[in-house]
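Residue numbers (numbering that gives the first Met the number 0): 0 to 85. The beta-carbon is built from N, C-alpha and C at its ideal position, and this holds for glycine as well. Comments concern the structure below.
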Amino acid sequence: MPSVSSVVNDLQGRDRKRFGRSTADELELGIMISPDLLEILACPVCRKPLVLRGEDSLKCNECKRVYPIRNGIPILLEPEATIEQL
Ligand SMILES: [Zn+2]
């Protein structure tokens with residue numbers, strides 16, 4: 000019959016493994032535009048770099064167009080953009 004401490008160690012080991020998996024799942028689900036990706040994104044109209052505006056859109060400071068981000072994918076199409084009036 001195993002001692003109490005060896006059973007506790009076994010349970011803690013299993014908990015750690017479960018935690019590791021759930022962290023990986025969260026990383027896959029958490030969609031973020033990385034700075035690297037942001038660097039290569041450019042406005043299709045004036046070829047200027049875009050800046051992240053909120054969590055679901057990209058803005059061109061040159062022509063004031065705001066491009067939507069859908070399911071983590073930036074939609075860099077002129078007809079999809081809205082022009083922000085200031
Ligand atoms: Zn632009």
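Buried versus exposed call for residue i [16 or more other C-beta atoms within 10 Å across all chains shown]
i: Ser33; result: exposed
i: Lys58; result: buried
i: Pro78; result: exposed
i: Leu49; result: buried
i: Cys42; result: buried
Beta-carbon spacing of residue i, residue j below 8 Å
i: Leu40; j: Leu76; result: no
Coil, strand or helix - residue i by DSSP
i: Pro34; result: helix
i: Pro78; result: helix
i: Val3; result: helix
Any non-hydrogen atom of ligand 1 closer than 7 Å to residue i Cβ
i: Val65; result: no
i: Glu83; result: no
i: Val50; result: no
i: Glu77; result: no
i: Glu61; result: yes
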